[in-house]
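Taking the numbering used here, the leading residue of the sequence shown gets 1, the next gets one more, and so forth.
Glycine residues also receive a C-beta, built at the ideal position from the N, C-alpha and C atoms.
A quick write-up on the structure given underneath.
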Amino acid sequence: MSTTFGLDDLARTTPARTRSISAENPTGAKGAGGAATEGTGARAASRLGQGWKVSPSIDVPAGETAVLAEIDGPGTIRHLWCTTAPHAAWRQTLLRVYWDGEQTPAVEVPLGDFFCNGWSVFSPVSSVPVTVAPNGGFNAYWPMPFRRRARVTLENLAPEQMTLYYQIDYELADVPADASYFHAQWRRSNPVDESSVHTLLDGVAGAGQYVGTYLAWGTNSPGWWGEGELKFYLDGDQDWPTICGTGTEDYFGGAWNFDVKPHGYTAYTTPYLGLNQILRPDGLYASQQRFGMYRWHVLDPVRFQEDLRVTVQCLGIGAGQGNGLKHRYRKNRDDIASTSLFYLDAPSSAALPATPGLLDLEVDAPD
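Below you can see the structure in the form of structure tokens.
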């Protein structure tokens with residue numbers, strides 16, 4: 001079986017044409033790379049001249065939105081790479097992607113969360129669709145087909161200017177009639193309300209497949225926090241889901257609290273799932289434990305034909321209450337931020353949550 005991440009297709013010749021957009025070639029035009037005469041590297045290249053890294057990046061002023069790419073289709077975005085200065089921009093910027101002239105973005109996610117780094121602290125990731133390399137090199141390989149037009153932007157919500165290095169690699173070719181559109185949504189419960197349920201997706205209508213979850217989870221209670229079940233409500237499910245997991249750490253491929261004695265929480269990053277980040281308390285201002293974890297449904301997409309809703313319980317372990325009961329489940333009210341990735345048969349979704357502001361995104365990252 002041929003796959004988009006396999007090697008067999010490399011031997012095939014196709015009519016596709018590869019193009020790449022960056023600060024050195026902002027339109028992706030053929031034969032136009034490296035020809036800039038102005039840019040952020042102009043002073044450094046002043047003795048070398050044109051063709052010597054004159055425009056490797058862009059500056060995005062406070063409160064401004066930069067258009068990173070506008071591409072006429074049909075085609076498929078194959079690779080996104082970027083990095084920023086400062087790292088704080090990872091939770092102070094919003095990445096948006098629009099398909100086929102829609103005014104509503106299909107993707108609206110903080111930059112860091114899209115690349116499994118939601119706490120504005122570097123964490124390496126070694127997976128098939130997302131790779132994060134030292135020190136903050138963000139890579140995404142999700143195939144993103146479009147028919148008429150693709151538009152990629154980045155909004156800087158911070159009160160300071162930020163610098164962005166980026167490259168968007170794509171191919172121009174017809175896309176299959178059954179190709180669907182890539183979507184990504186971000187939601188945060190800070191803290192989770194008294195229901196102790198965080199909603200990842202709600203009201204997504206149409207046919208498609210759910211392909212990935214990233215959670216930035218900050219604990220607000222002592223003890224183990226990851227007993228909550230991931231639940232997928234498919235195609236008209238109401239009170240009870242069709243798919244119900246056995247626990248949060250189980251959904252991310254782990255077991256027994258991610259706890260390896262005597263080390264405690266143990267990070268891992270694999271092709272399709274991982275606990276890539278563990279931020280431990282420092283006994284001073286970083287008083288709470290924080291985690292980052294991802295699960296890619298690449299080999300096991302969750303397919304739906306009518307609608308989709310996804311939730312996770314914020315459930316921990318408390319002390320027992322006698323009668324031989326050593327432990328009991330306890331509802332917690334942690335800080336949970338989720339990024340949900342899915343493909344849909346429409347270029348936009350009416351279920352897009354409210355756009356977060358800077359205070360909604362805020363995390364306490366080290367200086």
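DSSP beta-bridge partners for P56? Within the DSSP secondary-structure output, P56 pairs in no beta bridge.
Would you mind reading off the limits of the beta strand (DSSP E) that contains F146? Looking at the DSSP string, the run of the beta strand (DSSP E) that includes F146 is M144 to F146.
Would you list the one or two residues that DSSP bridges to I244? Going by the sequence as given, residue 244 is Cys instead of Ile. According to DSSP, C244 bridges with K231.
By how many angstroms is the C-alpha of E362 removed from the C-alpha of A89? Pairing A89 with E362, the inter-Cα distance amounts to about 11 Å.
Does the stretch 91 to 107 touch the stretch 259 to 272, meaning 3 or more C-beta pairs lie closer than 8 Å? Of all C-beta pairs linking the stretch 259 to 272 to the stretch 91 to 107, fewer than three are shorter than 8 Å, placing the two stretches out of contact.
How should V368 be labelled, buried or exposed, when 16 other C-beta atoms within 10 angstroms of its C-beta is the threshold for buried? Since the first and last residues shown for the chain are 1 and 367, residue 368 lies out of range.
What are the boundary residues of the alpha helix (DSSP H) that D113 is part of? Going by DSSP, D113 is part of the alpha helix (DSSP H) stretching over L111 to F114.
Thinking C-alpha only, which one of S195, N117 and L201 is nearest L400? Not covered by the structure: residue 400. The range shown for the chain is 1 to 367.
Excluding sequence positions up to five away, which residues of its chain have a Cβ less than 8 Å from the Cβ of L359? Cβ-Cβ distances below 8 Å link L359 to nothing in the same chain once the five nearest sequence neighbours on each side are left out.
Tell me where the alpha helix (DSSP H) around L172 begins and ends. Not the alpha helix (DSSP H): L172 falls in the beta strand (DSSP E), residues M162 to L172.
Does the Cβ-Cβ distance between T76 and E171 come in under 7 Å? Against a cut-off of 7 Å, the Cβ pair of E171 and T76 comes out as a contact.
Where does F342 sit, in a helix, a strand or coil, going by DSSP? In this structure, F342 counts as strand in the three-state DSSP scheme.
How long is the line joining the alpha carbons of G274 and Q185, rounded to whole angstroms? About 20 Å.
In three-state terms, what does DSSP make of V70? Inspection of the sequence shows that residue 70 is occupied by Glu rather than by Val. It is a strand residue.
CB I243 to CB F252, shorter than 7 Å? Going by C-beta atoms, I243 is not nearer than 7 Å to F252.
From S20 to D364, what distance separates their C-alpha atoms? The C-alpha of D364 is placed about 35 Å away from the C-alpha of S20.
Using the beta-carbon count (16 or more within 10 Å), is R96 buried or exposed? Counting Cβ neighbours within 10 Å, R96 comes out buried, since at least 16 surround it.
Would you be able to state if there are at least three C-beta pairs under 8 Å between the stretch 213 to 228 and the stretch 323 to 337? Cβ pair count under 8 Å is three or more, so yes.
Please name the residue or residues paired with A140 in a DSSP beta bridge. Beta-bridge pairing links A140 to L80 and V130.
Cβ pair count under 8 Å reaching 3, the stretch 234 to 249 against the stretch 103 to 113: These segments do not touch.
Confirm, please, whether the CB-CB distance from K53 to G41 is below 7 Å. Taking 7 Å as the cut-off, the Cβ atoms of G41 and K53 count as close.
Contacting residues, own chain, Cβ-Cβ under 8 Å from V125 (five flanking each side not counted): Closer than 8 Å at the Cβ level, and outside the excluded window around V125, lie F115, C116, N117, T131, V132, T269, G274, N276 and Y294.
Taking 7 Å as the cut-off, decide whether the C-beta atoms of G203 and Q313 are in contact. By the CB criterion at 7 Å, G203 and Q313 fall outside the cutoff.
Member of D345, A346, L344 and T339 whose CA lies at the smallest distance from the CA of Y353: Note that residue 353 corresponds to Pro in the displayed sequence, not to Tyr. For P353, the nearest C-alpha among the options comes from T339.
Classify V109 as buried or exposed, calling it buried when 16 or more other Cβ atoms lie within 10 Å of its own Cβ. Buried is the call here.
By Cβ distance below 6 Å, which residues in the same chain neighbour R12 in space, the five residues on each side in sequence not counted? So the list is empty, once near-sequence residues are dropped.
C-alpha distance - P284 paired with R290, whole-angstrom precision: Before going further, note that residue 284 is Leu rather than Pro in the sequence given. Between the C-alpha atoms of L284 and R290 there is a straight-line separation of about 15 Å.
Would E38 be called buried (16 or more neighbouring beta carbons within 10 Å of its own) or exposed? Answer is exposed; the Cβ neighbour count stays below 16.
Cβ distance (whole Å) where V310 is taken to contact Y210 below 8 Å: Confirmed, Cβ separation roughly 7 Å.
Which of the three DSSP states, helix, strand or coil, is assigned to L10? In the structure shown, L10 sits in a helix (DSSP, three-state: H, G or I).
Spell out the partners DSSP gives F304 in its beta bridges. Secondary-structure assignment with DSSP links F304 through a beta bridge to G208.
Which first and last residues belong to the beta strand (DSSP E) in which L361 is found? Judged by DSSP secondary structure, L361 falls outside any beta strand (DSSP E) and instead within the alpha helix (DSSP H) spanning L358 to L361.
When we look at the beta-carbon of A150 and count the other beta-carbons within 10 Å, is it buried (16 or more) or exposed? Buried, since its Cβ has 16 or more Cβ neighbours within 10 Å.
How long is the line joining the alpha carbons of S120 and L341, rounded to whole angstroms? For S120 and L341, the gap between their C-alpha atoms comes out near 20 Å.
Kindly list the residues whose CB is nearer than 8 Å to the CB of V128, restricted to its own chain and excluding five residues on each side of it in sequence; keep chain order. These residues qualify, in order along the chain: F5, Y141, P271, Y272, W296 and V298.
Considering only C-alpha positions, which residue in the set E194, P15 and Q167 is nearest to R78? Nearest neighbour of R78 by Cα position, chosen from E194, P15 and Q167, turns out to be Q167.
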